[in-house]
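In full-length UniProt numbering, the protein residues as written are 1 to 323.
All C-beta atoms in this analysis are idealised placements derived from N, C-alpha and C, irrespective of residue type, glycine included.
What follows is one structure encoded as structure tokens, with my remarks underneath.
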Amino acid sequence: MDQNLQLYLLILFIAVVIISQTLLISATGTRAKRSRLLKNQLNLIAESGNAQQQSLLRKRYLDKLSKTEQWLETTALGEYLGEKLSLAGLELKAYKVVIWLILGMLASSLAVLFFTRNIQMALLTPLAVLIAFSLFLRQKAEKRLSQFEEQFVEALDVMKRALLVGYPFTEVMKTVSEQMPPPISTEFGKTFIELNYGVDLKIALSNLAHRNPSVSVLAFNSAVIIQKETGGNLAETLEKLSSVIRGRFRLMRKVKTLSAEGRMSAWILMMVPFVLFLILYLSNPDYITPLINSERGSTILSITGFSMFAGLLWIRKILRIEV
1 MDQNLQLYLL ILFIAVVIIS QTLLISATGT RAKRSRLLKN QLNLIAESGN AQQQSLLRKR
61 YLDKLSKTEQ WLETTALGEY LGEKLSLAGL ELKAYKVVIW LILGMLASSL AVLFFTRNIQ
121 MALLTPLAVL IAFSLFLRQK AEKRLSQFEE QFVEALDVMK RALLVGYPFT EVMKTVSEQM
181 PPPISTEFGK TFIELNYGVD LKIALSNLAH RNPSVSVLAF NSAVIIQKET GGNLAETLEK
241 LSSVIRGRFR LMRKVKTLSA EGRMSAWILM MVPFVLFLIL YLSNPDYITP LINSERGSTI
301 LSITGFSMFA GLLWIRKILR IEV
């Protein structure tokens with residue numbers, strides 16, 4: 001029982017740390033409401049384009065695969081996971097990730113069953129692995145998007161200088177892809193390839209925003225499309241846009257600094273019960289063991305865990321300030 005309890009506490013501690021890290025510490029978390037608004041705007045931008053053009057790079061990728069791999073990649077699960085992997089910046093085949101994930105869930109479940117002899121915990125282990133993998137993809141995507149937005153301001157300056165020299169817009173995209181580091185060089189390189197293959201400018205910019213769901217990219221797309229339809233000085237527009245985005249970043253850093261105390265308080269409130277439980281168990285196991293073994297104790301622990309998770313979501317809602 002002692003080994004089972006220690007393993008249970010270890011798994012519970014890791015799960016709480018992962019969830020807390022994802023929900024509270026992330027400074028650039030994707031907001032569901034903002035994502036819906038971005039998708040609606042992108043659909044409005046792309047609705048006049050050709051659907052066949054939108055999947056040009058996807059078709060080129062699928063053409064390199066075998067028939068079986070194409071079928072696996074074009075399933076609903078393959079398309080969904082492929083999009084998530086793309087947002088995370090992972091150049092992996094979706095079907096291979098699914099296979100390795102299934103093998104990992106089976107192996108972890110068998111390992112837990114072997115060490116704990118607990119069937120319920122072994123059945124819950126695959127779910128924990130799946131949640132951990134989802135959180136990993138989300139964290140990678142947020143980190144990549146944050147890096148992309150930081151580089152995007154510098155990319156606007158590079159584009160402005162290239163436009164002042166007299167480069168056409170297509171060469172401007174190529175210049176950014178050659179002079180900037182990843183991930184922004186990779187994304188602008190994809191857009192340059194699409195434009196070279198004859199994809200409409202609206203569709204190419206819409207694809208850029210779909211791969212990088214950011215308010216800054218959406219503002220850039222609007223500026224370029226409006227300039228194309230009505231005319232004007234695009235270099236001057238990009239300079240003003242760069243200034244606005246830099247001001248937004250300054251405000252975001254200020255908000256993050258002011259909310260640091262609240263995030264630290266949330267960390268302490270989440271960790272105190274586990275630390276106290278561990279101290280009591282190590283100092284006086286007979287005092288805390290009935291809480292684990294008895295039915296009433298299990299009920300109390302379940303209610304406590306649910307209440308802590310609800311409090312975590314509430315603190316997250318308070319600390320989540322839109323900029």
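Item, Value
"Determine the DSSP secondary structure at Met159, reduced to helix, strand or coil.", "helix"
"Between Arg138, Ile315, Asp157, which lies nearest to Ile245 when the distance is taken from Cα to Cα?", "Asp157"
"In whole angstroms, what is the alpha-carbon distance linking Pro181 and Leu145?", "14 angstroms"
"Apply the 10 Å Cβ neighbour rule to Val165 and answer buried if 16 or more other Cβ atoms are within range, or exposed otherwise.", "exposed"
"According to the Cβ coordinates, are Ser177 and Gly189 closer than 7 angstroms?", "yes"
"Nearest CA to the CA of Gln179: which residue from Leu137, Glu154, Ala235, Leu106?", "Glu154"
"Does the segment 90-109 touch the segment 127-143, meaning 3 or more C-beta pairs lie closer than 8 angstroms?", "yes"
"Taking residue 358 as part of the alpha helix (DSSP H), name the residues at either end of that continuous run.", "What is shown of the chain runs 1 to 323, which leaves residue 358 out entirely."
"Does the segment 263-275 touch the segment 303-315, meaning 3 or more C-beta pairs lie closer than 8 angstroms?", "yes"
"Would you give the residue range spanned by the alpha helix (DSSP H) that Glu178 belongs to?", "169-179"
"For Phe188 and chain B, any beta-carbon pair shorter than 7 angstroms?", "In the structure shown, chain B cannot be found, because there is only a single protein chain."
"Would you mind reading off the limits of the alpha helix (DSSP H) that contains Thr186?", "184-196"
"Rounded to whole angstroms, what is the Cα-Cα separation between Gln147 and Arg211?", "14 angstroms"
"Find the nearest neighbour of Tyr167 within the set Leu234, Ser302, Asn293, judged by alpha-carbon distance.", "Leu234"
"Candidates Gly82, Leu135, Ala219, Phe136: which alpha carbon is nearest Glu149's?", "Ala219"
"In three-state terms, what does DSSP make of Asn207?", "helix"
"Would you decide whether Gln151 is buried or exposed? Buried here means 16 or more other CB atoms lie within 10 Å of its CB.", "buried"
"Between Ala141 and Ala88, is the Cβ-Cβ spacing less than 7 angstroms?", "yes"
"Verify whether the separation of the beta carbon atoms of Thr191 and Ala204 is less than 7 angstroms.", "yes"
"Check this for me: beta carbons of Met159 and Leu238, under 7 angstroms apart or not?", "yes"
"So for Thr304, helix, strand or coil by DSSP?", "helix"
"So Leu280 packs on Ile288, CB below 8 angstroms; how close in whole Å?", "5 angstroms"
"Just the Cα atoms here: how many angstroms apart are Gln139 and Lys202?", "29 angstroms"
"Restricting to Cα atoms, I'd like to know which of Leu81, Leu312, Lys143 is closest to Ser265.", "Leu312"
"With Gly231 as the anchor, note down where its alpha helix (DSSP H) starts and where it stops.", "Counting along the chain, Gly231 falls outside any alpha helix (DSSP H), and DSSP gives it neither H nor E."
"For Lys67, is the classification buried or exposed, using 16 other Cβ atoms within 10 angstroms of its Cβ as the cut-off for buried?", "exposed"
"Does Asn221 come out as helix, strand or coil in the three-state DSSP assignment?", "helix"
"Let me make sure I understand the geometry here. Which of Leu77, Ala76, Thr75, Lys84 has the alpha-carbon closest to that of Pro213?", "Lys84"
"Where Thr170 and Val98 are concerned, what is the direct C-alpha to C-alpha distance, given to the nearest angstrom?", "37 angstroms"
"Classify Leu90 as helix, strand or coil using the three-state DSSP reduction.", "coil"
"Below 8 angstroms on the Cβ atoms is my contact criterion, and I expect Ala209 with Asn221 to pass it. Report the Cβ-Cβ distance as a whole number of Å.", "6 angstroms"
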